[in-house]
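The structure appears below as structure tokens.
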Amino acid sequence: MPHGRHATLLLLVVGVLTLTACGDAAPTAGSDEPAATPTVEAAPSVPDETASPAEPEVGAEPAVEVPEILDFTAQTLEGETFEGASLADTDTLLWFWAPWCPVCQREAPVVASLAEEYAGRVEVLGIGGLSGDLRAMQDFVQRGGVGGVTHLADTEGSIYARFGVTQQYDIGVLDDSGDLRVVTGPLSEAELRAEMDALAES
134 MPHGRHATLL LLVVGVLTLT ACGDAAPTAG SDEPAATPTV EAAPSVPDET ASPAEPEVGA
194 EPAVEVPEIL DFTAQTLEGE TFEGASLADT DTLLWFWAPW CPVCQREAPV VASLAEEYAG
254 RVEVLGIGGL SGDLRAMQDF VQRGGVGGVT HLADTEGSIY ARFGVTQQYD IGVLDDSGDL
314 RVVTGPLSEA ELRAEMDALA ES
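Residue numbering for the sequence shown follows my numbering, beginning at 134 and increasing consecutively.
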């Protein structure tokens, strides 16, 4: 029965084609259909509770508080700007002088010697005033041998007034806390040394 055999073969072919079309075959190489990529969600970040808080920089020095009496700006005999705040936290001997003063001329070598002896422990600051002659002040410093000391040119008397000084051979004793004491002069070498010792030990 040839027709029966042909019908059986036809049914087998149709069955095979049907199974092939219904299969879930993965895309093969060369296929235009991209393979599905699984989605992976990132895990939420968790703060590190073991981390230590930021610490202040090692070796950082606290800011120095500037006393009101040192809140001024002046000019040195060389024409440079001098900030009074630079004396904050510093033991300082303030030597008030005038270029025409014979007592100051006698004190000059003593002040120069003490400034060198106490260097690094006590600052010495010369304040030339009671004269508007800058050249005379510069000559005084050269003749007296006190060029190693910084000197302010107080030609208008504002620094004298700030420190409450009225005569040229008074001494200002300024300790590192900003407290000022004015010693009425003139002072002998022994008295000047005693004031320097007191500052160095404060």
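Beta carbons are placed, not taken as given, at the ideal position from N, Cα and C, and that holds for glycine. Remember, predicted model here, so these are calculated numbers, not experimental data.
Residues near residue i by beta carbon distance below 8 angstroms, same chain, minus five either side
i: Q301; result: F229, W230, A231, C234, V236, C237, G262, L263
i: V173; result: With a pLDDT of 48 at V173, under the threshold of 50, the predicted position of this residue should be treated as unreliable, though the coordinate-derived value follows. Closer than 8 angstroms at Cβ, skipping near neighbours: no residue.
i: A162; result: Any reading at A162 needs caution, since the residue's pLDDT is 45, under 50, leaving its predicted position unreliable; the model's value is listed next. None.
i: A294; result: none
Per DSSP, cross-strand counterpart(s) of residue i
i: T214; result: Q208
i: G262; result: D287
i: E201; result: None; E201 has no bridge partner.
i: V257; result: L226
Selection from the options that minimises the alpha carbon distance to residue i
i: D309; options: A248, A323, E334, S321; result: E334
i: G305; options: V199, G259, E211; result: G259
i: G265; options: V316, L210, L332; result: L210
i: I202; options: A327, A331, R326, G311; result: G311
i: A245; options: A323, F296, T214, V274; result: V274
Minimum Cβ-Cβ distance from residue i to chain C less than 9 angstroms
i: S310; result: No chain C is part of this structure, which consists of one protein chain only.
Host beta strand (DSSP E) of residue i (start-end)
i: L227; result: 225 to 230
i: G278; result: From DSSP, G278 is part of no beta strand (DSSP E); its letter is neither H nor E.
i: V306; result: 304 to 307
Host alpha helix (DSSP H) of residue i (start-end)
i: L247; result: 235 to 250
i: R314; result: It is not in any alpha helix (DSSP H) - R314 instead sits in the beta strand (DSSP E) that spans 313 to 316.
i: L325; result: 322 to 334
Same chain only: Cβ atoms within 7 angstroms of residue i, ignoring 5 sequence neighbours per side
i: G329; result: Just to set this straight, residue 329 is Met in the shown sequence, not Gly. Once the five neighbours on either side are set aside, the close Cβ partners of M329 are L226, L247, Y251, V255.
Beta-carbon proximity list for residue i, same chain, < 6 angstroms, skipping 5 on both sides
i: V199; result: A218, A221
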